[in-house]
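Sequential numbering of the sequence shown, starting at 812, is according to our numbering.
Think of the CB as a built atom: it goes at the ideal place given N, C-alpha and C, for glycine as much as any other residue.
Report on one structure; see the data block that follows.
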Amino acid sequence: MTKVKVECVKGNIAAQQDMDVVVNAANAELLPGSGVAGAIHSAAGPGLAEECRALAPIRPGQAVISSAHNLPNQHVIHCLGPVYGVDEPSDRLLADCFRNALYLADQNGLSSIAFPAISTGVFGFPLRDAAAVAMKAVADSLTELNSVRLVRFVLFSDQDLSVFDEARKLESDLSGQ
Ligand code: ADP
């Protein structure tokens, strides 16, 4: 039986006070941008981009960890999602983001991690497909996690929230929560 709770909430990924680590839907250069990356970098302050310079560039599916600067968390994990229809196979690369971020959080002894809907903004991944990939990747990782106890998906709208929560309920290892 899993001791990991998986939940979906509506909110801003840059305002998750009770989470050890938040995940950035980053660009390859780990620079401030639009959407999630813009919100995370503006809340973190310029020190984040400075620290990230040494970690960039990253490739699709990869995850790297930094400190959180002025964010209310201990760390930020930066993932580069696939550009839909360009970085192939998109499903596998998106799943790699979730798996690699979870393992990185676990290796760092963190107990709670919040994800945005990686690749579903400017990178164009269809939301329903992305939600299914995300939930399967989390379910497949559960047995490997030792310190992570809470996985939260933070969605920007009620509609996105219901799509992700439906996908969670369809994933049998996560549905009973
Ligand atoms: P990508 O480049 O990986 O597609 P985006 O940042 O463009 O990433 O968008 C990813 C998803 O995050 C989209 O569904 C978007 O609506 C949502 N989003 C944008 N800003 C925020 C935020 N501050 N908190 C949570 N989700 C956000």
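task: Please report how far the alpha carbon of D940 lies from the alpha carbon of E861, in whole angstroms.
output: Going by the C-alpha atoms only, they are around 34 Å apart.
message: Helix, strand or coil, according to DSSP, for V833 in the structure here?
response: Reduced to three states, the DSSP call for V833 is strand.
Whole runs of the beta strand (DSSP E) within the region 911-969, excluding any shorter than 3 residues: Every beta strand (DSSP E) stretch that sits fully inside the region 911-969 and reaches 3 residues is listed by chain position as 923-926, 961-966.
task: Could you tell me which of N911, K980, Q828, P900 sits nearest to F936, measuring between CA atoms?
output: The candidate whose alpha carbon is nearest that of F936 is P900.
- request: Please confirm if the region 836-846 is in contact with the region 979-986, defined as three or more CB-CB distances below 8 Å between the two stretches.
  value: Result no; under three Cβ-Cβ pairs closer than 8 Å.
- prompt: V887 lies in the beta strand (DSSP E); which residues open and close that run?
  reply: In the DSSP assignment, V887 falls within the beta strand (DSSP E) that extends over 886-890.
CB contact flag (V965, F926, <8 Å): Yes; because the gap between Cβ atoms is below 8 Å, this pair is in contact.
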